[in-house]
Structure formats: C-alpha cells, structure tokens
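The structure under discussion appears below in the form of structure tokens.
2 protein chains.
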Amino acid sequence: MAKVSPRTLSGFMELLPAQQMKMERMMSVLRDSYALYGFTPLDTPIIESAEVLLAKGGGETEKQIYRFSKGDSDLALRFDLTVPLAKYVAGHYSELSFPFRRYQIGKVYRGERAQRGRFREFYQADIDVIGDGKLDILNEAEIPAIIYNTFTRLGITRFKIKVNNRKILNGFYAMNGMSEKAGEIMRTVDKLDKIGAEKVKQLLIEEVKMLPYKAENVLDFMAITGSNAEVIEGLERFRGMNETFDQGLDELKTVTGCLKDFGVPEENFAVDLTIARGLDYYTGTVYETEMTEHPEIGSVCSGGRYDNLAEYYTDKQLPGVGISIGLTRLFYVLNEQGLLSDELITAPCDALVLPMTEELGSAIAAATALRAAGVRTQLYGEKKKFKAKMSYADKLGVPFAVLIGEDEIAAGVLSVKDMQSGEQVKLSPDEAAAYIRQRVDERNRGAVIRE
Amino acid sequence: MAKVSPRTLSGFMELLPAQQMKMERMMSVLRDSYALYGFTPLDTPIIESAEVLLAKGGGETEKQIYRFSKGDSDLALRFDLTVPLAKYVAGHYSELSFPFRRYQIGKVYRGERAQRGRFREFYQADIDVIGDGKLDILNEAEIPAIIYNTFTRLGITRFKIKVNNRKILNGFYAMNGMSEKAGEIMRTVDKLDKIGAEKVKQLLIEEVKMLPYKAENVLDFMAITGSNAEVIEGLERFRGMNETFDQGLDELKTVTGCLKDFGVPEENFAVDLTIARGLDYYTGTVYETEMTEHPEIGSVCSGGRYDNLAEYYTDKQLPGVGISIGLTRLFYVLNEQGLLSDELITAPCDALVLPMTEELGSAIAAATALRAAGVRTQLYGEKKKFKAKMSYADKLGVPFAVLIGEDEIAAGVLSVKDMQSGEQVKLSPDEAAAYIRQRVDERNRGAVIRE
Numbered sequence: 000m001a002k003v004s005p006r007t008l009s010g011f012m013e014l015l016p017a018q019q020m021k022m023e024r025m026m027s028v029l030r031d032s033y034a035l036y037g038f039t040p041l042d043t044p045i046i047e048s049a050e051v052l053l054a055k056g057g058g059e060t061e062k063q064i065y066r067f068s069k070g071d072s073d074l075a076l077r078f079d080l081t082v083p084l085a086k087y088v089a090g091h092y093s094e095l096s097f098p099f100r101r102y103q104i105g106k107v108y109r110g111e112r113a114q115r116g117r118f119r120e121f122y123q124a125d126i127d128v129i130g131d132g133k134l135d136i137l138n139e140a141e142i143p144a145i146i147y148n149t150f151t152r153l154g155i156t157r158f159k160i161k162v163n164n165r166k167i168l169n170g171f172y173a174m175n176g177m178s179e180k181a182g183e184i185m186r187t188v189d190k191l192d193k194i195g196a197e198k199v200k201q202l203l204i205e206e207v208k209m210l211p212y213k214a215e216n217v218l219d220f221m222a223i224t225g226s227n228a229e230v231i232e233g234l235e236r237f238r239g240m241n242e243t244f245d246q247g248l249d250e251l252k253t254v255t256g257c258l259k260d261f262g263v264p265e266e267n268f269a270v271d272l273t274i275a276r277g278l279d280y281y282t283g284t285v286y287e288t289e290m291t292e293h294p295e296i297g298s299v300c301s302g303g304r305y306d307n308l309a310e311y312y313t314d315k316q317l318p319g320v321g322i323s324i325g326l327t328r329l330f331y332v333l334n335e336q337g338l339l340s341d342e343l344i345t346a347p348c349d350a351l352v353l354p355m356t357e358e359l360g361s362a363i364a365a366a367t368a369l370r371a372a373g374v375r376t377q378l379y380g381e382k383k384k385f386k387a388k389m390s391y392a393d394k395l396g397v398p399f400a401v402l403i404g405e406d407e408i409a410a411g412v413l414s415v416k417d418m419q420s421g422e423q424v425k426l427s428p429d430e431a432a433a434y435i436r437q438r439v440d441e442r443n444r445g446a447v448i449r450e
Numbered sequence: 000m001a002k003v004s005p006r007t008l009s010g011f012m013e014l015l016p017a018q019q020m021k022m023e024r025m026m027s028v029l030r031d032s033y034a035l036y037g038f039t040p041l042d043t044p045i046i047e048s049a050e051v052l053l054a055k056g057g058g059e060t061e062k063q064i065y066r067f068s069k070g071d072s073d074l075a076l077r078f079d080l081t082v083p084l085a086k087y088v089a090g091h092y093s094e095l096s097f098p099f100r101r102y103q104i105g106k107v108y109r110g111e112r113a114q115r116g117r118f119r120e121f122y123q124a125d126i127d128v129i130g131d132g133k134l135d136i137l138n139e140a141e142i143p144a145i146i147y148n149t150f151t152r153l154g155i156t157r158f159k160i161k162v163n164n165r166k167i168l169n170g171f172y173a174m175n176g177m178s179e180k181a182g183e184i185m186r187t188v189d190k191l192d193k194i195g196a197e198k199v200k201q202l203l204i205e206e207v208k209m210l211p212y213k214a215e216n217v218l219d220f221m222a223i224t225g226s227n228a229e230v231i232e233g234l235e236r237f238r239g240m241n242e243t244f245d246q247g248l249d250e251l252k253t254v255t256g257c258l259k260d261f262g263v264p265e266e267n268f269a270v271d272l273t274i275a276r277g278l279d280y281y282t283g284t285v286y287e288t289e290m291t292e293h294p295e296i297g298s299v300c301s302g303g304r305y306d307n308l309a310e311y312y313t314d315k316q317l318p319g320v321g322i323s324i325g326l327t328r329l330f331y332v333l334n335e336q337g338l339l340s341d342e343l344i345t346a347p348c349d350a351l352v353l354p355m356t357e358e359l360g361s362a363i364a365a366a367t368a369l370r371a372a373g374v375r376t377q378l379y380g381e382k383k384k385f386k387a388k389m390s391y392a393d394k395l396g397v398p399f400a401v402l403i404g405e406d407e408i409a410a411g412v413l414s415v416k417d418m419q420s421g422e423q424v425k426l427s428p429d430e431a432a433a434y435i436r437q438r439v440d441e442r443n444r445g446a447v448i449r450e
C-alpha cells in the first residue's frame, strides 16, 4: 500500500513527550496562578462566524486569518482570545456579574509567513477584568502583582514589569501640539532600545517631519528614568498643563503606590515612558514584561487598560484591563535557550512495575496498591528480557523501577530500584508508595524554568 | 455604529462560568486519573494537511470534515484523536519508546447536522497504548481498571464496563459459516437492547436472509449471560471448533481473571457478547461503559484493541488498545439530567476581599496575605455601596467575604463572613487563611458528579 507521509504542518508545534510534560507544567502554573487571583476559567469555540470574528475588520489580522465556508456558513478560526471574550461578554451580559474576571488558555490561529520560532497555531494565556460602565484603577494596580506572582512561580527571577500610562503620553503630546503625529512618534520612539536616541531624533526630524526642538522635547521626556519616585518627580514638573496628563499621572501614582502592599519588589518593576503598545485600543495603564538577561526575546507578557471591549457587539460601555502571555512562543524560546529545567520528572510514570515471573497477579496487585496511594504507575506487561525492560525504564527517565520476582512474591515485598542512584531496597507496598512519593515530590519541587 | 450580533455558532458549546468550572473539574479528574496509570499527555495540532488526515479516506467522516484551503495548502480540522495519534507515532517512531502510552484531551470537529445535544466542536478524552510489533494482552486487561478508576473518581458509582472480544465473535461466525454476513449480523444484533430478541430474529431472517435455525443459533449465542464464570463456561462449550474463537476465549479469560488484582469489582463489569463496536478496526477486546440508571445515554466510554494503528503512514506494525470518552456530550447529558454536583464551589474565588474604607493598603495587604497562603482571592475595588458588594458576592456564590473597615484595620484583623451561614468572625490574616482553606477544602471534597 502506498503510504502517506505522516508530516505535521509547518508553523504548528508538536512536542515529544518529555517536552510536552514541561509545557503541561507551565500551563498548570498559569492556571493555578490566575485562579489564585480570582479569575474564572473560560473556554470559547475555536471556530466562530467570520462576521462575528471580523466585526472590527481590517488590517493585518484579516490577511492572516483562517477563513472558510462550510455549507452556507462563512467561518473563521479565532486569531486571539480578546475578540471571543468581547463576543462572550456582550452575548452573556445579563448572565454575568461585573467586574467579570476570566482567564483563558487556548489555541489561536494566524497564517503568518512560516519561519523559525513563528507559529501559526499557538497558545495564548490571557486574563481580563471587565467592568460594567466603570472599572476602578485598583484593577490596573493589581496586574503587576499577577505578573510578578506568575513569573516567580514559573521560576523566572530576573524580569522587569515595565509600566506606562497612555494618558500620560497622550497628555504630553497634546500639551506640545503633537497629537496628530502621536502615532508616528510612538512608533519611532519604540525603536529607542534598538537604534539609540541619536538615530531616533534623526528619524523624528526627517521622517516624522518634526522641528528639531520638538524632537528634543520628546527625547528629553523619554529620558525621564530612575526609581519610581524619581520618574514621578520628573513627571510632576508637567502637572497642570493638560488634564489628561494629570489624570494619567495620578493613575500611575496609584499603581506604583500599591506595589508594596501587593508584594511586588521594586526591582521587578519600572515605569518606562517609551512603552506605548499600539495606537487605538489601550487608554490607561499599559504593561510589558522583559526577561532582563534576555531582552532579545521581547516582551513575554503584555497588555493594558481599554475603555470599550465590545463596541462592535453592544452599546454597553465595557471597560477592562488585561494581559496576555504568548505561551507557545515563550515555551519555544525558553527551550531554545536551555532554560527549561531538566530536574523535574518528565517520564509518564513515577514507578514502572516490572513483573519477573510468569504469574502476574502479584505485579498487578502491586501496581494497584501504588496507584491507590497516588503513585503514577505503569505496569509493564511485555514479555522481554530483563535488560530490555531496564533499558525501556532508562529511556523514559522513569525515577523508580519496581521489580517483582519469586523472592518478592514469597516475602510479600517489592524491590524498589532508584534509577538515578542504582540503589535498591525491599519494602512493603505501603512503604514503597510512601518512599517513592516522598522522593518524587522532592524532585518535582523545583520550578519549570531554571535561569 | 451598527452592531454585529454576538452569537455563537450552533453546535458549539460555550458555558457560563459556573458550568465551566464543573467542566474544568471533570477534565482535571480525567487528567489525574490517566496520569495515575502512566499515560503521558500529548497535544497535536487541530489543523492537519487534508492528505494526512484523510489518508484512510472514505465514509461518513469525509462528508462531515471541516476542510479548506489556505494559500496552496489543502487543510482539514481533526475529526478524532486517533488519526493524529497514528500520524504522531509513525512520524516520531524512532524518538518514542514502546509501549507508548499517551492520553490526549482535545477538541475535534465534525460538521454533523446540528441538533440538540449534538456538537460540531467537542472534546474527546482518549488514552491509547501502542506497541511496536507486539502488545501483550495485559494491556487489554488493564483497561477496565482505568475506566473503573476514572468513573469512580468522577463520582459515578452505578456503571457497568461491558466487554467482549472480536475474536470470539469472528470465530463464532466462522464456525457457523456466517463470516460473510458477520457485519450485517453484528449491526442487527446491536439492536437487541432496543427491539428485543423476537424482532432481531425476524430481521436476521427477513433482511439478512439467514436460515431460521442459524438466526436462532446467533440469538442463543448472544443469550449467554450471567456472571463472568457463567459466561465463560457457556463459551467453553464452543472450544475446539475454531482457532480464532479459542484465542479470543483465552484472551477474555485473561481479562476477567485479572479484574480482582486490578481492583475492579465484578458488579461494575460484565462480559456482553452483543457488543461489537464497528467492523474493521477492532481485532480483540472491545469495551463499552454504561451508566446503569441511564442506559438511554448510551456508552460513555468505548474502545478496544486494534492491530494496525498507522498502516496508512508506515510499514511498521503498531498494534494498540485504547478508549475514548466523548467529554462534551457526557458533560451535556450529565448536566441535563441534573447529575453535576452543586456542592462544589464554582465561584471564581474562595475569598472576596471588600475594602470598607477609602484607604486601600490594608485590604490589598490582606488579599496578598490570603493569596500567599493559597486562598483563591479576589480584591473588590469598585466604589459601590455595601449592599451592592454583598449582592455581587452572593451572585458569584463566593463562600467567604472578607470585610476590612476601620475597626479591622485598627485591630489588625479581618472580618471573615461565611456567605452560606451568615456567621462572621474576626481573625488575624494567618488564621483567616487557615479558616477559609479548611472550609473550602471540605466543600470541595465531594465528587463532580452526584448520582
């Protein structure tokens, strides 16, 4: 029979078992961390009506989208988790209580040009808080705590949550008569990290067509850096010139003022006036998160405050604040950088029960007892030589082999072999379960990511 | 602005938060249960090349499939988790160790005619054990234990795992010269439950065109019921007439003989000779699982042994055994029948911290302390009246409200209100965390399903 090549599409991540275990652990940390902050899990369809998904229309998105017909229906695959959230909140408005806090970890689809490290199917892990009409600034102030907690639990220690406020930027551009060019300026300023202040100034003058002193004004403003107190002091000098600016500064002061009570160390936080995060959508606090030793990765967790989640679906004013982790890409780069810990167990089981006799009853009973005690146990039933069995255990990285031969059956014990140390002990089934669980818990105590 | 209706496609399940929490709990039980038996989690793309996905081709499947083009690519959405597994194992053959045991819980797509309780996007929760060339019968014998453990953990007690062996059926039909009509006979016998023996006999004679005594032979065979020992005794009478039959009977004896050591009570198990599960694919033990009080639901967990997982992709002989739970449909019917427990907490948080003063530092610090102690905590920041805050807590079904007013701040305590009993106590943050955790753990101790 002619065979079809069992290939996986380019741009689609498909992991081998040990890698997948690491990915599962990352997802588990995200779920637990989001839940700890009072977010409820949500699951929405991957396919939506194209009309619904593209209600906002236009732009890059539409070109990348997976869109197709089935019968008479014009369908599309979701390209983010925000549009489905907007649909969900607008559609279920009367059944939800606000503020509505949800997390969603799910696959999204974008038909980008395939290249190394770019994915067409990838997980996003989002949280959002949606208000009905209003949403208190406290929700914006809480986001850094969630990012801090999540990354710390993942095992990342050297990271910085960078925060800005769109009202501060908009107010600053307004007071300098630059509002019309604000978009262009922000896109240019975004290159500061990469090309430096001199070149940005040049671009502002030559391409954005700014007067040199105005370009300098912008660069002077962006150069306001330092501790939270220092940046705020620098910004206070502009107070009173623009209402939006003053409001943004007050919001920023609330956000930075709450950090300590939220348990966020100042070393993991920085006000960064160069952060803008796109043009239209965000209206208040905006967030990026950088791994300090790996700035080349870019922001690993971003988001911000917006005023109108679902304007394409409802007249209700639904302001919100949210952040998103591009999980597939984050996993990919962490893996490439060798930052995923190899210490945690990635085998499918913690104990591999190897029957050494024809009679299997004792081995089955042993596996049943270990499982009842909560030990992830595989029962190996293949008729192979001892060496082949041990080689299988080795390849899987199984922490413990449990040997059951005639001696063990006669004595009512199990021989438990630590596959790392080679040490072998005879224990009752109860003792064996406790022994294995304790050592497995110890090995799994570390974090998923090891910098 | 004209609004787009925020609708969800027909045949796509989208749950409200409290329902989604129940679904998450079911998934969590499945993950834990599958992992306990030594299966490794796997995740494969939802989109595959149509050529790969339809390598087997033909039949109902092809009509239902979501298939579309993107650029030059002919793509399709997976319609089950078995074909992607075959692709995965064939494609990664040299990187895997066999037996390869994986579980996968994921969405699959079938464009069926939309009707109540039928879904076009639904979760399947599968486990499979794949051998390289051979796979020991012990793997087939273990499956009932996995089903038993999984359903017991979900909270279902009144269920029966029904088992048959295709070799027994094929052997029986062969020894009676009915092999050619075996498919038709099995499809007709499948109706026994619904229309009774008399009508099945009539159909066998009139439609399958069997001689009356042969139809009676079939019905007599299917009438072999009783305890495992009784059924096996009944089957032993046919031994020696057909090699395949004898082999199947030996396999069945191994499967039933292992039940006790695997911890499966005989009351949850039955050999049922009427079970066939399709025609071509399965070659050994086959499984169905029935909720005894709800036979109308049909089998909630089915599967069997097959000899050749990936023949469309590779020359390698890859026998396996697997079972699948149609999770979305199971959730739907359990919910419809009112069998999902309302006792477990479905609120997004266990503690809702309500600041009663302008100054928020103490409330934030309290929320931070509760979270550090592992309490799922929401901090309520909206400026609302007390009544509105309590009504929000009520609507979400939050178990504990934590009130922080001037008195509490002065005394360094939290007022913890049990929203069910109305009881209110003043506790230090540490005491409050322990108090809430203990009561929350008690409330969550029950199973997801309550018959």
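Protein chains in written order, with numbering that gives the first Met the number 0: chain H, 0 to 450; chain S, 0 to 450. Just so you know, even glycine gets a beta-carbon here, dropped at the ideal spot from N, CA and C.
- DSSP places residue 399 of chain H within a strand segment (E or B) once states are collapsed to three.
- Contacts with chain S at 9 Å (Cβ-Cβ) include residue 144 of chain H.
- When C-alpha distances from residue 88 of chain H are compared across H/56, H/132, H/169, the shortest belongs to H/132.
- For residue 66 of chain S, the three-state secondary structure derived from DSSP is strand.
- When secondary structure is reduced to three states using DSSP, residue 306 of chain H falls in the coil class, being assigned neither helix nor strand.
- For residue 330 of chain H, the secondary structure class from DSSP, reduced to helix, strand or coil, is helix.
- With contacts defined as CB atoms closer than 9 Å, residue 317 of chain S and residue 85 of chain S qualify as a contacting pair.
- Closer than 9 Å to the CB of residue 201 of chain H there is not a single CB belonging to chain S.
- Counting along the chain, no beta strand (DSSP E) covers residue 199 of chain H; the unbroken alpha helix (DSSP H) around it starts and ends at 196-205.
- Unbroken alpha helix (DSSP H) stretches of 4 residues or longer found wholly inside the segment 376-440 of chain S: 385-395, 405-410, given in chain order.
- When secondary structure is reduced to three states using DSSP, residue 277 of chain S falls in the coil class, being assigned neither helix nor strand.
- Any Cβ of chain H closer than 9 Å to the Cβ of residue 440 of chain S would place that residue at the interface, and such an atom is absent.
- Counting only runs of 3+ residues, the beta strand (DSSP E) found wholly inside the segment 222-279 of chain H occupies 268-270, in chain order.
- Around the Cβ of residue 385 of chain S, a 10 Å sphere holds fewer than 16 other Cβ atoms; the residue is exposed.
- At a beta-carbon threshold of 8 Å, the residues of chain H lying near residue 48 of chain S are 6, 8, ordered along the chain.
- In this structure, the straight-line span from the alpha carbon of residue 367 of chain S to that of residue 428 of chain S is close to 10 Å.
- Residue 8 of chain S and residue 94 of chain H do not touch by the CB rule: their CB atoms are close to 19 Å apart, not below 8 Å.
- Contacts with chain S at 9 Å (Cβ-Cβ) do not include residue 264 of chain H.
- A straight line joining the alpha-carbon of residue 119 of chain H with that of residue 14 of chain H spans about 15 Å.
- When rounded, the separation of the alpha-carbon atoms in residue 392 of chain H and residue 101 of chain S is 16 Å.
- Looking at the DSSP output, residue 82 of chain S sits in no beta bridge, so it has no partner there.
- Between the segment 151-162 of chain S and the segment 286-295 of chain S, the count of Cβ pairs shorter than 8 Å is three or higher; the stretches touch.
- If only complete runs of 4 or more residues are kept, the segment 122-208 of chain H shows the alpha helix (DSSP H) at 136-153, 165-174, 181-188, 191-194, 196-205, in order along the chain.
- DSSP, reduced to helix, strand and coil, places residue 344 of chain H outside both helices and strands of the structure shown, so it counts as coil.
- Between residue 243 of chain S and residue 170 of chain S, the beta carbon gap of about 4 Å places them in contact (Cβ cut-off 8 Å).
- Sixteen is the threshold: when 16 or more other Cβ atoms of the shown chains lie within 10 Å of the Cβ of residue 44 of chain S, as they do, the residue is buried.
- The segment 16-64 of chain H is shown to contain whole beta strand (DSSP E) runs of 3 or more residues at 46-48, in chain order.
- CA-to-CA, the gap between residue 329 of chain H and residue 299 of chain H works out to about 7 Å.
- By the Cβ-count criterion, residue 210 of chain S is exposed, with fewer than 16 other Cβ atoms from all chains shown falling within 10 Å of its own Cβ.
- For residue 284 of chain H, DSSP records a beta bridge to H/164.
- Annotation: residue 241 of chain S to residue 124 of chain H spans about 57 Å, alpha carbon to alpha carbon.
- With respect to chain S, the C-beta atom of residue 283 of chain H has no partner C-beta closer than 9 Å.
- By the rule that beta-carbons nearer than 9 Å mark a contact, residue 96 of chain S touches chain H.
- If you compare the alpha carbons of S/36, S/5, S/20 with that of residue 348 of chain H, the shortest gap goes to S/36.
- At a cut-off of 9 Å between beta carbons, residue 312 of chain H contacts chain S.
- Per DSSP, the continuous alpha helix (DSSP H) segment holding residue 361 of chain S begins and ends at 360-371.
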